[in-house]
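For what it's worth, the working numbering labels the leading residue of the sequence shown as 32, then goes sequentially. From the three backbone atoms N, C-alpha and C, an ideal C-beta is built for every residue, glycine too. Quick caveat, the model's predicted, so the values are computed rather than measured. Working notes for the structure below.
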Amino acid sequence: MFPFFSRNKMSDAPEVNPAPAKTPEAHPLDALTGGAFSAATSGERASRIRDWLLTQPAPEQLQEVFKELSGRDKGAARAVRERLDEIRRAKGQEAIAAEWAEKAQALLAAPKLNIADALAWQRDAAKAGAPLSREPLSLLKVQVADRVKVIEDLQHRVQVQREAAVLLAQRIEVLSTKPWRDAHAALELLRGDVARWQEQAQELTGDASWASVEARFPPLLDASRTQLLVVWDAFQPAVAQAAAAAEDANAPLPPVPVWADELRVARGLPTEAAAAAAAAAPGAAAKPARAQNKPKVDPEVRDKAVQAVRDALVVLEKETAEGHGKASAGAAAALRAVLKNHGKHIDAALEQQVHTALVAAGELEGWQRWGADQVREDLVAKAEALLNRPEGQALGGRKMQETLRALREQWKQADQGGAPNHGLWKKFDEACNAAHKVVEAWLDKIRADAAEHKAQRLALIEEVKAWTAEHAASGDWKAINRALYQFGDRWREGGHVGEKIFAELQPLWKQAIAGAAAPLEAAQKESLARRHAMIDEAVALGAAPALRIDAVKALQQRWQAEAQTVPLDRKHEQKLWDAFRKPIDEAFNRKSADREKAVTELSARDRVVLDASKALEAANATGDAQQIRAAVQALEAALRGQAQAAEAAASAQKSEQGAAASVAQADEAAPATAGDGEAAAADGETAAAPAAAPVAPPKPARPVVAVRGDDRPGMKKDAPAAPGRGGRPGDRRDGPGGRGDGGRGAPRGDGRPGDRGGDRGGRFGDRERPAYEDRGPRLGDTAFRAQRDAMEHAQLALKKLAAQAHGEALTQLLSAWEKRDAAQVPSAQDLGGRVSPAVRTSWTQALSAAPKGDAAEALLRLEMAAEVPTPAEHIAARRLLQLQLLTRRNDPTPEQTWGQDAAKVLASGSDAATARRLQNVLKNLLRK
Numbered sequence: 032m033f034p035f036f037s038r039n040k041m042s043d044a045p046e047v048n049p050a051p052a053k054t055p056e057a058h059p060l061d062a063l064t065g066g067a068f069s070a071a072t073s074g075e076r077a078s079r080i081r082d083w084l085l086t087q088p089a090p091e092q093l094q095e096v097f098k099e100l101s102g103r104d105k106g107a108a109r110a111v112r113e114r115l116d117e118i119r120r121a122k123g124q125e126a127i128a129a130e131w132a133e134k135a136q137a138l139l140a141a142p143k144l145n146i147a148d149a150l151a152w153q154r155d156a157a158k159a160g161a162p163l164s165r166e167p168l169s170l171l172k173v174q175v176a177d178r179v180k181v182i183e184d185l186q187h188r189v190q191v192q193r194e195a196a197v198l199l200a201q202r203i204e205v206l207s208t209k210p211w212r213d214a215h216a217a218l219e220l221l222r223g224d225v226a227r228w229q230e231q232a233q234e235l236t237g238d239a240s241w242a243s244v245e246a247r248f249p250p251l252l253d254a255s256r257t258q259l260l261v262v263w264d265a266f267q268p269a270v271a272q273a274a275a276a277a278e279d280a281n282a283p284l285p286p287v288p289v290w291a292d293e294l295r296v297a298r299g300l301p302t303e304a305a306a307a308a309a310a311a312a313p314g315a316a317a318k319p320a321r322a323q324n325k326p327k328v329d330p331e332v333r334d335k336a337v338q339a340v341r342d343a344l345v346v347l348e349k350e351t352a353e354g355h356g357k358a359s360a361g362a363a364a365a366l367r368a369v370l371k372n373h374g375k376h377i378d379a380a381l382e383q384q385v386h387t388a389l390v391a392a393g394e395l396e397g398w399q400r401w402g403a404d405q406v407r408e409d410l411v412a413k414a415e416a417l418l419n420r421p422e423g424q425a426l427g428g429r430k431m432q433e434t435l436r437a438l439r440e441q442w443k444q445a446d447q448g449g450a451p452n453h454g455l456w457k458k459f460d461e462a463c464n465a466a467h468k469v470v471e472a473w474l475d476k477i478r479a480d481a482a483e484h485k486a487q488r489l490a491l492i493e494e495v496k497a498w499t500a501e502h503a504a505s506g507d508w509k510a511i512n513r514a515l516y517q518f519g520d521r522w523r524e525g526g527h528v529g530e531k532i533f534a535e536l537q538p539l540w541k542q543a544i545a546g547a548a549a550p551l552e553a554a555q556k557e558s559l560a561r562r563h564a565m566i567d568e569a570v571a572l573g574a575a576p577a578l579r580i581d582a583v584k585a586l587q588q589r590w591q592a593e594a595q596t597v598p599l600d601r602k603h604e605q606k607l608w609d610a611f612r613k614p615i616d617e618a619f620n621r622k623s624a625d626r627e628k629a630v631t632e633l634s635a636r637d638r639v640v641l642d643a644s645k646a647l648e649a650a651n652a653t654g655d656a657q658q659i660r661a662a663v664q665a666l667e668a669a670l671r672g673q674a675q676a677a678e679a680a681a682s683a684q685k686s687e688q689g690a691a692a693s694v695a696q697a698d699e700a701a702p703a704t705a706g707d708g709e710a711a712a713a714d715g716e717t718a719a720a721p722a723a724a725p726v727a728p729p730k731p732a733r734p735v736v737a738v739r740g741d742d743r744p745g746m747k748k749d750a751p752a753a754p755g756r757g758g759r760p761g762d763r764r765d766g767p768g769g770r771g772d773g774g775r776g777a778p779r780g781d782g783r784p785g786d787r788g789g790d791r792g793g794r795f796g797d798r799e800r801p802a803y804e805d806r807g808p809r810l811g812d813t814a815f816r817a818q819r820d821a822m823e824h825a826q827l828a829l830k831k832l833a834a835q836a837h838g839e840a841l842t843q844l845l846s847a848w849e850k851r852d853a854a855q856v857p858s859a860q861d862l863g864g865r866v867s868p869a870v871r872t873s874w875t876q877a878l879s880a881a882p883k884g885d886a887a888e889a890l891l892r893l894e895m896a897a898e899v900p901t902p903a904e905h906i907a908a909r910r911l912l913q914l915q916l917l918t919r920r921n922d923p924t925p926e927q928t929w930g931q932d933a934a935k936v937l938a939s940g941s942d943a944a945t946a947r948r949l950q951n952v953l954k955n956l957l958r959k
């Protein structure tokens, strides 16, 4: 018996006892984090880190664990980093909250609170990132909002009081136009209302927040109080005086005309109007007498007066006709002045003409004033609407500034067309000033941003200077170039500054960046000189008669080293590279052209294939399907002709070999023969494969002995190498196996089958593997491309012609249906392979008979078979038919009976809608 050892006795290696595995040392932070550093997987490590974070560790511990863990597992360190960021944000927010809380308390403690400042506090706090939803800012925000609400309520009450004062004054004025007894009856009620109004006004002024009301509201309240008290103080004595005059006939009458007339009538005296009319009657009677006694005027004086009045009248009529408001007003004033001096010397007709012109000028002036007031009111409405826009549509600062400028320009133009209106101007100016606050805030923000951007740019210039001094001796040109690009990006993204500030900063920036880029520019200049020298070397190498590959490789390596050391502008570097590569590429192209010229000469078979390809292209141009098919067959015959000759030569050689071979060697030679056939299919150099060597009779079996060395075919000294051919540059490996010396299954040099299935049968045992088609030797590139393009063009032309014929056949079929003429039905060949002769016969029979039956269901089945949409009016019927087909489980489907359904449709009568539906259906069915 042989002893069993733990190792091979043939091995000379000494037996070594394995050393015990070292236990890894635990990380110092492993105990702190619950074993996170000793975890086997990243997921387990992240889980332990999360569990450790639940214990709320100190920030110092978090920082230490993150420093150690970020180099080991960034995924697990992410949770620690997020906790550190959260703590940092919380500290920052606490400081911000304290700052803005102090500002809010200062606002609330001030005796006078500006609403704009309160709103700006909340807006600026939100922009600064202050936690307004947490204490103490949330409480302070509520207090500020309540204070603002109180102030706004006071302002609203002031406006209400103003309106109430106006209404009370109107009530008093209305009572002065009615009988004095009505006024006397309403006196006590009015006294109570006026007293209540004064109490409410006093309550407003005594409010603690009255000092915070805007400056325009207290004057409004004082003016309303003054106006109301003036009217009330005049109304009370007038009522008392009217009551006294009613009781005592000798008492003076009240100053109110209506009440005085009422008391005169009660006393039996005429009214004031009747007394005035009676006093005017004697003067009217005396007027004709004065007219009759009018003194005579010198004719020359009369003519001058008439001429002066006519000149002024012509000017006024001209200005009025042209619609000049201001000019017509001046002309009317001039005419009135002339009329004042010479009015007594003109006749009645001219005087009437003058009055007519003055009336027309007054109407024009009134219309101009009305039109200008309409424009002004529109401008006032636009100005007031600037701050009352819908939410989310508020105008920005620049847009608001441009709008205000445009509105003021329009107001100036309106003032030029008519008399000014100070009341509307005051409202317009107040609205514009209120809207201009947005512009002022925007301008303040722009100034603050400009100052900040200027400071950032100055800091960047100083940073560039410091960086230049630090990297003066550096040789890392790529890093320097990258840093310069980063500085340039930061300068471009430094924010907007004014043109004056930019003009001051730009020279400083150019000076600093030029000093920083000076060493790089010097290095680039030297690199350009070296690269131009290498371009000259490349030109010399390319012009040499013999191309030295080793020199080209060395030169390219030098170029790459130079390009990686000193960076240049991308476009400039690409131009230099193109100039460097051009002579070398030309040399390689010449070499490739010479090689191809030597190995790609046209053979007889290539010429035949080229001629057949040209004939096929000519047939494609004719558009005749028969000519194209004939040319395709001719080209395929040209491609197969050489393969047939090669097949004949191979069969002759095989017959000679078969005569010398014995029956015992037939089984062994069969796979080799099959392999030769496949190798011939893959061979692209010669048509006839070399003859297989005769197989020697089998020798008695020898014991298998392991031999060291190379046992590949041809490597054994006692076995010749497997015959093969040398490949040419550019040859395609068209064989099944993709190799030049045989395809899959070709015999190896030592007689063994090269494919895994060489000796075996098919997958199911009795199936033989099909032999690959022998297409002869490989075509040249010119012939191969010509036949490929010609075949593609022929297939496209045949498809196009088939589509045209299909459309014509479908149109012919619909025409035959319309005319009920079976002779016009296209042939089965024209209809395509989808229509069998039996189906065509059924169609002709349907057209031969008279129209009968209803084709509605058949059309629906055809549309379901073709999967085309059904018209809207027939959708319900289609759904009903689909439900019925679901219950007919054993009936054939519409896809199986579309021929019979089409026959039913053709058997019915033809109309435009049905023909259109049938055409859409057959267009898809005949194409499938």
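Where in the stretch 432 to 517 do unbroken runs of the alpha helix (DSSP H), each at least 4 residues long, occur, reported from the N-terminal end onward?
Entirely contained in the stretch 432 to 517, the alpha helix (DSSP H) runs reaching 4 residues are, in chain order, 453 to 501.
Can you tell me whether E350 is buried or exposed, with buried defined as 16 or more other CB within 10 angstroms of its CB?
Flag for E350 reads buried.
Three-state secondary structure (DSSP) at P288?
Helix.
Do A933 and L845 come within 9 Å of each other at the CB atom, strictly closer than that value?
Contact: no.
Secondary structure at D812, three-state DSSP: helix, strand or coil?
Helix, per DSSP.
Can you grab the Cα-Cα spacing for the pair V469 / G428, in whole Å?
Going by the C-alpha atoms only, they are around 6 Å apart.
What are the boundary residues of the alpha helix (DSSP H) that includes I80?
Taken as a continuous stretch (DSSP letters only), the alpha helix (DSSP H) holding I80 covers S73 to L84.
Within 10 angstroms of the Cβ of V663, are there 16 or more other Cβ atoms? Answer buried if so, exposed if not.
Classification of V663: buried, given that the 10 Å Cβ count is 16 or more.
Comparing C-alpha positions only, which one of A497, M822, V936 and K628 sits nearest to E648?
Here the closest residue by C-alpha is M822.
Taking the C-alpha atoms as reference points, what is the distance between L218 and Q267?
Those two C-alpha atoms are separated by around 8 Å.
What beta strand (DSSP E) runs, 3 residues minimum, are completely inside the stretch 509 to 574?
For the stretch 509 to 574, not a single whole beta strand (DSSP E) run of length 3 or above is found.
Verify whether the separation of the beta carbon atoms of L418 and T434 is less than 9 Å.
No. Outside cutoff.
At a cut-off of 8 Å, is D264 close to the ligand COA when judged by its beta-carbon and the heavy atoms of the ligand?
The ligand COA is not part of this structure, which contains no ligands at all.
From what residue to what residue does the alpha helix (DSSP H) around A943 run?
Segment A943 to L956, the alpha helix (DSSP H) holding A943.
If I'm right that F611 touches I566 with Cβ under 8 Å, what's the distance once you round it to whole angstroms?
Indeed they touch by this definition, with Cβ atoms about 5 Å apart.
Can you look up Q87 in the DSSP assignment and give me helix, strand or coil?
Three-state result, Q87: coil.
Under the rule that 16 or more other beta-carbon atoms within 10 Å means buried, what is K172, buried or exposed?
Counting Cβ neighbours within 10 Å, K172 comes out buried, since at least 16 surround it.
Please go through the same chain and pick out, in chain order, the residues whose beta-carbon is closer than 8 Å to the beta-carbon of E604, but skip the five residues on each side of it.
Around E604: A594 and P598.
If we require 4 or more residues per run, which alpha helix (DSSP H) segments fall completely within the stretch 875 to 939?
Complete alpha helix (DSSP H) runs here, min 4: 887 to 897, 906 to 918 and 929 to 938.
Are the beta-carbon atoms of S359 and V287 separated by less than 9 Å?
No, the Cβ-Cβ distance between S359 and V287 is not below 9 Å.
With DSSP run on the structure shown, which of helix, strand or coil describes T302?
In this structure, T302 counts as coil in the three-state DSSP scheme.
Helix, strand or coil: how does DSSP classify G654 here?
Residue state, collapsed to three classes: coil.
Expressed to the nearest angstrom, what Euclidean distance is found between the alpha-carbon atoms of N372 and N452?
Looking at the two C-alpha atoms, the distance is approximately 32 Å.
Check whether the Cβ atoms of G526 and E483 sit closer than 9 Å, and answer yes or no.
Contact flag set, yes.
If we call anything under 9 Å between Cβ atoms a contact, is L832 one with A656?
Yes, the Cβ-Cβ distance between L832 and A656 is below 9 Å.
Leaving out five residues before and five after R114 in sequence, what residues of the same chain have Cβ atoms less than 8 Å from its Cβ?
The residues are L84 and L93.
Quick one: what does DSSP say A226 is sitting in, helix, strand or coil?
Three-state DSSP puts A226 in a helix.
Where E894 and F815 are concerned, what is the direct C-alpha to C-alpha distance, given to the nearest angstrom?
If I take the Cα positions, the gap works out to 46 Å.
Going straight from the alpha carbon of P421 to that of E125, what length do you get?
Rounded to the nearest angstrom, the two C-alpha atoms are 36 Å apart.
Can you say whether P857 is buried or exposed, counting buried as having 16 or more other CB atoms within 10 angstroms of its CB?
Label assigned to P857: buried.
Might you give, ordered along the chain, the residues of its own chain that have their beta carbon closer than 8 Å to the beta carbon of L163, omitting 5 neighbours on each side?
Hits under 8 Å: Q153, A156, A157, S169 and K172.
For the alpha helix (DSSP H) holding E194, just list the boundary residues, first then last.
Its alpha helix (DSSP H) spans residues L168 to L206.
Helix, strand or coil for V663 per DSSP?
Residue state, collapsed to three classes: helix.
Distance, Cα to Cα, G740 vs I580?
For G740, the pLDDT reaches just 46, beneath the cut-off of 50, and the residue's location in the model is therefore unreliable, although a value from the coordinates is still provided. Looking at the two C-alpha atoms, the distance is approximately 35 Å.
Give the range of the alpha helix (DSSP H) segment to which K584 is assigned.
Taken as a continuous stretch (DSSP letters only), the alpha helix (DSSP H) holding K584 covers I580 to T596.
K622 and L578 look like a contact to me (Cβ under 8 Å); what is the Cβ gap, rounded to whole Å?
Their Cβ separation, rounded to whole angstroms, is 6 Å, which keeps K622 and L578 in contact under 8 Å.
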